[in-house]
Amino acid sequence: MKADPEKIPEIRASFARMETKDDLVKALNLAKEILYGKGVNEFSLKNITYYADTRFQRKRYSEFQIPKKQGGTRTIHAPVPGLKAILRCLNLLLLSVYEDGYENEAMGFIPGKSIKNNAEWHTGKSFVFNIDLKDFFPSIDLYRVKTIFQLPPFNLKGEKEPLAYLMARLCCEKMEVVRKDNLGAEIKKVATVLPQGAPTSPAITNFIARKMDRRLKGVAKRFGVAYTRYADDITFSSNHNVYKKGGDFLLEVEKIISEQGFCINESKVRLQQREYRQEVTGLIVNEHPNVPRKFVKQMRQWIYLWEHYGYEKANLFFRRDYSQKAGRVLAFIPPLDLVLDGKLKYMKMVVGPEHTTWMKLNSRYSLLTQDRVISDPDLLDINKALESLFVEMRKNIDEFIAEVNYHQETNQAINIDDNEATD
31 MKADPEKIPE
41 IRASFARMET
51 KDDLVKALNL
61 AKEILYGKGV
71 NEFSLKNITY
81 YADTRFQRKR
91 YSEFQIPKKQ
101 GGTRTIHAPV
111 PGLKAILRCL
121 NLLLLSVYED
131 GYENEAMGFI
141 PGKSIKNNAE
151 WHTGKSFVFN
161 IDLKDFFPSI
171 DLYRVKTIFQ
181 LPPFNLKGEK
191 EPLAYLMARL
201 CCEKMEVVRK
211 DNLGAEIKKV
221 ATVLPQGAPT
231 SPAITNFIAR
241 KMDRRLKGVA
251 KRFGVAYTRY
261 ADDITFSSNH
271 NVYKKGGDFL
281 LEVEKIISEQ
291 GFCINESKVR
301 LQQREYRQEV
311 TGLIVNEHPN
321 VPRKFVKQMR
331 QWIYLWEHYG
341 YEKANLFFRR
351 DYSQKAGRVL
361 AFIPPLDLVL
371 DGKLKYMKMV
381 VGPEHTTWMK
391 LNSRYSLLTQ
401 DRVISDPDLL
411 DINKALESLF
421 VEMRKNIDEF
431 IAEVNYHQET
441 NQAINIDDNE
451 ATD
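Our numbering applies: residue 31 is where the sequence shown begins, and numbers increase by one.
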């Protein structure tokens with residue numbers, strides 16, 4: 031979410047003027063007008079303080095479980111509509127104030143960057159090394175969020191500190207988390223942390239991870255390797271192997287990650303060599319960023335069914351297949367044409383408009399849709415899609431499909447598997 035460039039100075043000025051809670055409400059209402067248009071109901075201080083009270087846990091977030099692709103479940107905390115609107119507006123304020131504060135190597139949830147940008151750093155390398163940060167969002171507690179709001183460029187310190195605390199309470203939620211005790215054993219406890227599912231959580235993790243990014247970039251430079259981070263996915267790549275367990279490089283990397291308050295998910299650490307398929311944030315990077323072969327195979331399958339059996343039957347087959355995939359949320363099944371359209375736009379973003387395979391698939395899809403009139407049930411389905419899947423993201427379909435494909439365990443939308451796409 032990014033404001034019109036012409037609005038950013040106004041947003042920053044409103045944020046800089048904040049001295050009291052009433053000033054915060056004014057800044058949030060400015061953001062609300064930008065996001066929702068003039069004439070919407072304004073926030074009141076009562077609204078803000080109500081949702082900032084973590085004692086009303088069940089009235090702030092809806093908690094639900096979604097299955098992970100590789101087994102187990104992930105807990106998602108979805109803010110209720112009132113809090114969601116506040117957090118969307120707060121997120122716009124934060125992004126506008128922090129606009130130029132990211133490290134170049136941070137790729138996820140940053141305007142103007144995508145998984146393709148992330149993958150491009152690691153193409154054509156002999157070695158690609160992936161690290162996953164465990165429990166990325168809930169590893170950040172309320173104190174760290176409050177502290178980041180007190181530092182530049184937010185500067186909510188001194189007499190403004192209550193504003194930092196109020197904003198941190200809006201952004202955090204009480205939940206059960208896993209922590210390590212003094213002996214290194216994992217224990218469960220209740221803490222107030224960043225929830226996975228709040229509009230503000232991705233941006234705040236980037237703010238907090240900036241120091242880690244700088245330090246890891248420094249280590250990478252000394253060892254002659256490339257470094258990027260997309261949310262909780264860290265990637266290093268090089269033409270020489272410095273990734274030996276217990277070696278100097280990994281010891282430094284592990285130390286930095288630990289000192290910055292994060293934990294490595296050892297089960298997802300992997301070294302990929304050029305002789306085999308190398309993947310970074312869902313894209314194949316052996317030669318150039320590319321989508322997996324099965325991604326293309328799946329599109330060909332649905333287009334073929336549509337061509338030979340008509341849209342209605344093809345959509346029935348698609349719905350059956352979609353509902354059988356592990357990890358799907360079945361409250362809504364998107365229509366086939368919307369999914370194909372999104373996948374084609376996503377593939378175009380990755381491989382470019384002159385890629386032979388994309389051109390052929392897009393041509394076949396265009397022939398199928400040029401005479402198709404969307405029926406009322408389809409319109410209802412699309413409206414549900416925009417309401418339940420796009421969830422206030424206000425992104426174009428290219429950006430949306432790119433992120434849901436990569437974060438399939440969280441968003442439960444489109445499944446991308448292995449194997450590279452070729453002509």
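Even for Gly, the Cβ is constructed at its ideal location relative to N, Cα and C.
*For residue 278, count neighbouring C-beta atoms within 10 Å of its own C-beta (all shown protein chains included) and say buried if the count is 16 or more, exposed if not.*
Numbered from 1 along the sequence shown, position 248 holds the residue referred to as residue 278. Exposed, because fewer than 16 other Cβ atoms sit within 10 Å of the Cβ of residue 278.
_Rounding to the nearest angstrom, what Cα-Cα distance links residue 209 and residue 216 in this structure?_
Reading the sequence shown from its first residue, position 179 is the one you call residue 209. Reading the sequence shown from its first residue, position 186 is the one you call residue 216. Cα to Cα, the separation comes out at about 5 Å.
_Counting C-beta neighbours from all protein chains within 10 Å, is the total for residue 134 16 or more, i.e. buried, or is it exposed?_
By one-based count along the sequence shown, residue 134 stands at place 104. So residue 134 counts as exposed.
*How should residue 229 be labelled, buried or exposed, when 16 other C-beta atoms within 10 angstroms of its C-beta is the threshold for buried?*
Stepping through the sequence shown from its first residue, residue 229 is reached at position 199. Residue 229 is buried by the Cβ-count criterion.
*Leaving aside the five residues before and after residue 151 along the sequence, list all residues of the same chain whose C-beta is less than 6 Å from its C-beta, in chain order.*
Walking along the sequence shown from the start, residue 151 turns up at place 121. Answer for residue 151: 256 and 258, listed in chain order.
*What does a CB cutoff of less than 6 Å around residue 301 pick up in its chain, not counting 5 residues either side in sequence?*
As a position in the sequence shown, residue 301 is number 271, starting the count at 1. Hits under 6 Å: 159 and 273.
_Among the candidates 34, 110, 91 and 121, whose CA atom is the shortest distance from the CA of residue 20?_
Because residue 20 is not part of the residues shown, which for the chain are 31 to 453, the question remains open.
*So, do the stretch 314 to 324 and the stretch 173 to 180 have three or more beta carbon pairs nearer to each other than 8 Å?*
Taking 8 Å as the limit for Cβ pairs, the verdict is that the stretch 173 to 180 does not touch the stretch 314 to 324.
*Close beta carbons around residue 156, own chain, < 8 Å, minus the five adjacent residues each side*: In the sequence shown, residue 156 corresponds to position 126, counting from 1. 268, 269, 270, 271, 303 and 304, listed in sequence order.
*Report the three-state DSSP secondary structure of residue 161 (helix, strand or coil).*
Walking along the sequence shown from the start, residue 161 turns up at place 131. Correct three-state label for residue 161: strand.
*Might you give, ordered along the chain, the residues of its own chain that have their beta carbon closer than 7 Å to the beta carbon of residue 164, omitting 5 neighbours on each side?*
As a position in the sequence shown, residue 164 is number 134, starting the count at 1. Same-chain partners within the cutoff: 293, 294 and 295.
*Look at the alpha carbon of residue 264 and the alpha carbon of residue 350, and state the distance between them as a whole number of angstroms.*
As a position in the sequence shown, residue 264 is number 234, starting the count at 1. As a position in the sequence shown, residue 350 is number 320, starting the count at 1. Here the alpha carbon of residue 264 sits roughly 35 Å from the alpha carbon of residue 350.
*asked:* What would DSSP say about residue 205, mapped onto helix, strand or coil?
replied: Position 175 of the sequence shown, counted from the first residue, corresponds to residue 205. Note: residue 205 maps to strand in three-state DSSP.
*Taking all protein chains shown into account, decide if residue 103 is buried (16 or more other Cβ within 10 angstroms of its Cβ) or exposed.*
The residue labelled residue 103 in the question sits at position 73 within the sequence shown. Residue 103 should be labelled exposed.
*Going by C-alpha distance, which of 105, 90, 114 and 281 is nearest residue 65?*
Stepping through the sequence shown from its first residue, residue 65 is reached at position 35. Out of 105, 90, 114 and 281, 114 has the C-alpha closest to the C-alpha of residue 65.
*Tell me residue 310's beta-bridge partners as DSSP assigns them.*
Numbered from its first residue, the sequence shown carries residue 310 at position 280. Under the DSSP definition of a beta bridge, residue 310 partners with 313.
*asked:* Using a 10 Å radius around the Cβ and a threshold of 16 neighbouring Cβ atoms, would you call residue 418 buried or exposed?
replied: If you number the sequence shown from 1, residue 418 lands on position 388. A caution first: residue 418 carries a pLDDT of 41, below 50, which makes its placement in the model unreliable, though a value can still be read off. It counts as exposed.
*asked:* Buried or exposed for residue 169, going by 16 or more other Cβ atoms inside 10 Å?
replied: The residue given as residue 169 occupies position 139 in the sequence shown. Under this definition residue 169 is a buried residue.
*Helix or strand or just coil, what does DSSP make of residue 168?*
Residue mapping note: residue 168 aligns to position 138 of the sequence shown, counting from 1. Reduced to three states, the DSSP call for residue 168 is coil.
*Is the CB-CB distance between residue 107 and residue 226 below 8 Å?*
Within the sequence shown, numbered from 1, the residue matching residue 107 stands at position 77. Within the sequence shown, numbered from 1, the residue matching residue 226 stands at position 196. Yes, these two residues count as a Cβ contact at 8 Å.
*Between the CA atoms of residue 146 and residue 379 - distance to the nearest angstrom*: Locating residue 379 in the sequence shown gives position 349, counting from the first residue. Locating residue 146 in the sequence shown gives position 116, counting from the first residue. One C-alpha to the other measures close to 8 Å.
*Spatially closest choice to residue 83 from 53, 199, 75 and 173, by CA coordinates*: Residue 83 sits at position 53 when you count from the first residue of the sequence shown. Of the listed residues, the one whose Cα sits closest to residue 83 is 199.
*At 4 residues or longer, and completely inside the stretch 260 to 296: list those alpha helix (DSSP H) runs for me, N to C.*
You should have 278 to 289.
_Please state whether the Cβ-Cβ distance between residue 391 and residue 330 is less than 8 Å._
If you number the sequence shown from 1, residue 391 lands on position 361. If you number the sequence shown from 1, residue 330 lands on position 300. Yes, these two residues count as a Cβ contact at 8 Å.
*CA-CA distance, residue 136 and residue 342?*
What you label residue 136 is simply residue 106 of the sequence shown in a count that begins at 1. What you label residue 342 is simply residue 312 of the sequence shown in a count that begins at 1. Just so you know, the alpha carbons of residue 136 and residue 342 end up roughly 43 Å apart.
_DSSP three-state assignment for residue 93, whether helix, strand or coil_ = The residue given as residue 93 occupies position 63 in the sequence shown. Looking at residue 93 - three-state DSSP - the assignment turns out to be strand.
*asked:* I'd like the list of long-range same chain contacts for residue 196, defined as Cβ closer than 6 Å, with 5 residues on each side in sequence excluded.
replied: Residue mapping note: residue 196 aligns to position 166 of the sequence shown, counting from 1. Excluding residues within five positions, the ones whose Cβ falls inside 6 Å are 82.
*So, are the CB atoms of residue 48 and residue 193 less than 8 Å apart?*
To locate residue 48, count along the sequence shown from 1; it is residue 18. To locate residue 193, count along the sequence shown from 1; it is residue 163. Yes.
_For residue 109, list the residues DSSP reports as bridge partners._
If you number the sequence shown from 1, residue 109 lands on position 79. Beta-bridge pairing links residue 109 to 91.
*Identify the residues that DSSP records as bridge partners of residue 219: which are they?*
Indexing the sequence shown from 1 puts residue 219 at position 189. 207, per the DSSP bridge assignment.
*Reducing DSSP to helix, strand and coil, say where residue 300 ends up.*
Along the sequence shown, one-based indexing puts residue 300 at 270. Looking at residue 300 - three-state DSSP - the assignment turns out to be strand.
*Going by the beta-carbon positions, is the gap between residue 148 and residue 381 smaller than 8 Å?*
The residue given as residue 148 occupies position 118 in the sequence shown. The residue given as residue 381 occupies position 351 in the sequence shown. Residue 148 is not a Cβ neighbour of residue 381, given a cutoff of 8 Å.
*What first and last residue would you give for the alpha helix (DSSP H) that runs through residue 39?*
Taking the sequence shown and counting its residues from 1, one reaches residue 39 at position 9. Unbroken alpha helix (DSSP H) run through residue 39: 38 to 46.
*asked:* Considering Cα atoms alone, identify which of 126, 162 and 386 is closest to residue 35.
replied: Position 5 of the sequence shown, counted from the start, is the residue given in the question as residue 35. Checked all of 126, 162 and 386; the closest Cα to residue 35 is 126.
*Output the distance between the C-alpha atoms of residue 398 and residue 51, rounded to the nearest integer angstrom.*
Along the sequence shown, one-based indexing puts residue 398 at 368. Along the sequence shown, one-based indexing puts residue 51 at 21. Approximately 55 Å, taken between the alpha carbons.
*Give the DSSP-derived three-state secondary structure of residue 257 in the structure shown.*
Here residue 257 refers to the residue found at position 227 of the sequence shown. Note: residue 257 maps to strand in three-state DSSP.
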